[in-house]
Every structure is written in C-alpha cells, then in structure tokens.
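Everything on this sheet refers to the single structure shown next.
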Amino acid sequence: MITRPRRSVRALAGLLAVAAVLLAGCGGAPPTVTFEVAGTALTAAPTQFCDNRMENCTEDPNARVTAAVAPGTPIRITVPEEVSSGPWQVAYAFTRGDDPEPIEQRSEIATPGSRTEFTLTLPEETDRLVTVQVQLFGPPPAIDPQTQDLEFPIRATWILIGEQPQP
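Here the sequence shown stands for residues -24 to -1, 1 to 143, where the numbers follow mature numbering (1 follows the signal peptide of the UniProt record, and there is no 0).
Following this line, the structure appears as structure tokens:
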C-alpha cells in the first residue's frame, strides 16, 4: 500500500479547488455594454471578444445594436466592471450638413477603474450619428514591423449603429 503525506493530499485538493473556480469563470458569456438613446436602453454583446493575450477570439458581427438617433441626441454608455477594469475608449463617426463623408473621432482613454459611464454628445446639434464603438484595449501597444506604426490592440468591441429617424 502506498501512502501519501497529508500535506500533499491537501495541496492537491487546494489546487483542484482553485482550478475548478478558474475553469468555471472561463465558460461565462462575455460582458455586455448598454447604449441609452433617448431613454431607451439597448444591450449589446461584443462584436469581437478576445482573451487578455489576444489568442482566443470570437467574432459576431450580428451582435451590434441599431437605433434611430435624432441629431443632437446624446448617447449614454454604461460598461460593466469587466470592461472598466481595463483601459477603454469610445470611437464614433458622424456626418455634418450635406456631406455624406463620416467624421471620425475618439474619446479620451478611460484608465482602468476610473469610470463606468460615458455620455457621447456630438460637437454640433445638427450632427448625425453614424456609429459608436466601445473599445476595450488588450496588451500594451506595439510597433508594427511592416509599417513602423504604433498599434493599440483592441481585444473587444461593442457597436451601436445610428439610423436617422423616419419623419
């Protein structure tokens, strides 16, 4: 009969318990983001979601949400702790006047733990929203060896597409 010291059995039991907790968290659904437009809350799943190492990624282009957004309507964005615990920002595009070419802009980067909400107000009351993206950054920025540009890996994206309301 082989006997094992009690310490090894306890250590093994402890490791198995920790592994079970970690594995239980791995299979959960990715976090959602809420876009509030004129009092209506829209919950969006990520259109792209990767692990912290950017190795295991899923894509679902149909996860985006769509809403009629009248010019001048602010968009209130709420992110869960899974997003706010990392650096994130809001990227958006809008049109102005008769020009159909979208103008693209970005918010400042929210540092980890600094905020869970952001209200997007377009620069002018007549600007028309095209799209809003919440972008969760992944690993630290790196230089692309081909272009020599500094790249900021985005590990998750949640999207709202703005439509013009029907008269």
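Backbone N, C-alpha and C define an ideal beta-carbon position, used for all residues, glycine too.
Per DSSP, residue 100 lies in no alpha helix (DSSP H) and is assigned neither H nor E.
Every unbroken stretch of the beta strand (DSSP E) spanning 3 or more residues and falling wholly within the stretch 29 to 81 is given here in chain order: 33 to 35, 41 to 44, 51 to 54 and 64 to 72. Rounded to the nearest whole angstrom, the C-alpha separation of residue 52 and residue 90 is 16 Å.
Between the stretch 24 to 39 and the stretch 68 to 79, the count of C-beta pairs closer than 8 Å stays below three; the two stretches do not touch. Residue 128 sits in coil when the DSSP states are folded into three classes, being neither helix nor strand.
Short of 7 Å from the beta carbon of residue 97, and not among the five residues preceding or following it, lie these beta carbons of its own chain, in chain order: 50. Taking residue 29 as the centre and dropping the five residues before and after it, the same chain places no C-beta closer than 6 Å to its C-beta.
For residue 122, the three-state secondary structure derived from DSSP is coil. Bridge partners of residue 106 according to DSSP: none are assigned.
Relative to the Cα of residue 80, the nearest Cα in the group 99, 118 and 10 belongs to 99. Here the C-alpha atom of residue 104 lies approximately 33 Å from the C-alpha atom of residue 5. A Cβ-Cβ distance of about 5 Å is found for the pair residue 41 and residue 136, placing them in contact under the 8 Å criterion.
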